[in-house]
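Numbering (UniProt numbering), first residue to last: 1 to 512. What follows is a single structure, written as structure tokens, with notes after it.
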């Protein structure tokens, strides 16, 4: 009898690889091919060789088929891990022997390496419990179990590889757990709707779809699964877990107590004056970026860390009033909120800060003339019933300082002047006011003036462009008549004579 000798590891490796393909491939042709090839491989002999086809061409098929079936069932069937190899035939009264998966493996000769394929099992996802319970079905019935499951899911996410499919599935599972917890949570344990902290007045937001960024930890706020608050004064946004970590007071308190701008252009004093620390949170910073990058705020001139300075852009008031420069520059988060709250406050007295600005910007001269005319129209509206019912003065409700004085400006006024919007809108309002006084309302028309110097012409009003107003008695005259007449104002002279006559008349006690 002739015996063919082959090394054992090669055929057994082929058996396992081809068997894997047979399980993963649904085609019967491939499976039959794999099993046919496996049948041609010999069973191991004690001498470290394999028995091949004998001279007579006979196969030890029954022994090999049994070992192959036990091998495949123990290693490659993920749906029936607990079932052992094919049970031995047993007689009545005999107990079935307990066979473990390790015992089901075909025995290899001594000294030969044992071939395993654990990575293939991991690739198939067989180590995870995907078949016993679908994703989204949670067995936890109370809040405590859900919280424990959430913590375990967090730990799993941290241990899994970054950007892997398994980590994404775990994140989806965490979201479902949080939603389930939100449904089962006791309403008495909810976060309060209002929190007051360092003069901030925080209100709990209910929006779930808006994507925001926490001003404290500089991370995204996931409104679907996280609770977050917004300050109604300065619009500071943060997670509920970050509320107790806030150290900066609300800038709206500074606006209400000390509403004024820094009018020096970028008053830098140097990073050494800050002890190389952030001006807000006092974190160590340096110009070289170690340990944190030092970012300068163009409004305050101070340096901040990357958590307090996000390179936000804003118009600097000092550069506007001195250089008429509206280019946005980088400012810190605190300065940006302060400038946003101050943008509509009339705190700039331009004629005192920079009187030459009116010579450089012609639009400011036109705006100042329109504001003076509106101030002259205001007494007519206050005493007119129709004007009060029509609420004409509310046309300037966004710029109430225009009906109080003609000197104060806000940064928003200057922005609109630069863009050309303020001149157009103020001209339309001026035309509407003048139309009511001169055409629509008879009471306002009756309060007009007649030039006492020439006694000619139409009814005059103090806001007309061709008139002049006496500074003492507020009488209105034609401009040419007023400057050509060298005498005093007729109305002032008449009032002076009346006052003297009242003083010269004896009282009733003197006549008695």
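Every residue gets a Cβ at the ideal spot worked out from N, C-alpha and C, and that includes glycine. Keep in mind the model is a prediction, meaning the values are calculated, not measured.
Considering only DSSP beta bridges, list what residue 239 is partnered with.
228
Who are the near neighbours of residue 215 in its chain, counting only those whose CB is closer than 8 Å to its CB and skipping five residues on each side?
236, 237, 238 and 333
Cross-strand partners of residue 275 (DSSP beta bridge):
Looking at the DSSP assignment, residue 275 forms no beta bridge with any residue, so it has no partner.
Which residues in the same chain as residue 319 place their Cβ atom closer than 7 Å to its Cβ, once the five residues preceding and following it in sequence are excluded?
265 and 325
Kindly indicate if chain D contains any beta-carbon less than 8 Å away from that of residue 198.
Considering every chain present, this structure includes no chain D. It has just one protein chain.
For residue 501, which residues from the same chain have a beta carbon less than 8 Å from its beta carbon, with the 5 sequence-adjacent residues on both sides left out?
none
Tell me, please, which residues DSSP counts as bridged to residue 468.
477
Those runs of the alpha helix (DSSP H) which lie wholly inside the stretch 391-449 and span at least 4 residues:
411-419, 421-435 and 442-445
Sub-8 Å separation of residue 304 and residue 327 beta-carbons:
no
With distances taken between CB atoms, is the gap from residue 423 to residue 366 smaller than 8 Å?
yes
Does the stretch 337-344 come close enough to the stretch 353-360 that 3 or more CB-CB pairs lie under 8 Å?
no
Got a sec, what are the start and stop residues for the alpha helix (DSSP H) residue 369 sits in?
362-382
Same chain, Cβ closer than 7 Å to residue 252, neighbours up to 5 away in sequence not counted:
233, 234 and 341
Do three or more CB pairs link the stretch 455-472 to the stretch 413-420 at distances below 8 Å?
no
Which stretch, first to last residue, makes up the alpha helix (DSSP H) that contains residue 204?
First-last for residue 204: 200-204, but that is the beta strand (DSSP E), not the alpha helix (DSSP H).
Taking the straight line between their C-alpha atoms, what separation do you get for residue 298 and residue 197?
28 Å
Distance, residue 167 Cα to residue 8 Cα:
Here residue 8 scores only 42 on pLDDT, less than 50, and its place in the model is too uncertain to base an answer on.
If you run the structure through DSSP and keep just helix, strand and coil, what is residue 221?
strand
Of all the options 379, 322, 149 and 66, which has the alpha carbon lying nearest to the alpha carbon of residue 462?
379
Start and end residues, beta strand (DSSP E) containing residue 314
312-314
Do residue 346 and residue 409 have their beta-carbon atoms positioned less than 8 Å apart in this structure?
yes
Let me confirm a value: residue 194 is counted as buried when at least 16 other C-beta atoms fall within 10 Å, else exposed. Which label applies?
exposed
Output needed for residue 276: all residues of its chain with C-beta closer than 7 Å, excluding positions within five of it in sequence on either side, in chain order.
284, 285 and 286
Between residue 411 and residue 315, how many whole angstroms is the CB-CB distance? I'm expecting something under 8 Å.
7 Å
Segment contact flag, the stretch 386-396 with the stretch 446-455, C-beta cutoff 8 Å, min 3 pairs
no
Per DSSP, cross-strand counterpart(s) of residue 196:
201
Between the CA atoms of residue 406 and residue 317 - distance to the nearest angstrom
19 Å
Report yes if the CB atom of residue 470 is closer than 8 Å to the CB atom of residue 489, and no otherwise.
yes
Can you give the beta carbon distance from residue 225 to residue 212, rounded, assuming they're within the 8 Å contact cut?
Incorrect: roughly 14 Å between the Cβ atoms, too far for contact.
What do you reckon, are the CB atoms on residue 157 and residue 143 nearer than 8 Å?
no
Of the listed residues 321, 217, 202 and 453, nearest to residue 263 (C-alpha basis):
321
Below 7 Å CB to CB, which residues in the same chain sit around residue 242 once its five sequence neighbours on both sides are set aside?
214, 216 and 217
Please list, in chain order, all residues of the same chain as residue 189 whose beta carbon is under 6 Å from its beta carbon, the five residues on each side excluded.
Residue confidence is low: residue 189 scores 46 on pLDDT, short of 50, so the model does not pin down where it sits. Its coordinate-derived value is still stated next. Result list for residue 189: empty, nothing under 6 Å.
Whether residue 219 touches residue 204 by CB criterion (8 Å):
no
Determine the contact status of residue 513 and residue 199, defining contact as a CB-CB distance below 8 Å.
Because the chain spans 1 through 512 in this model, residue 513 falls outside it and cannot be assessed.
So, for residue 329: in the same chain, excluding its five sequence neighbours on each side, which residues have a beta-carbon less than 6 Å away from its beta-carbon?
298 and 316
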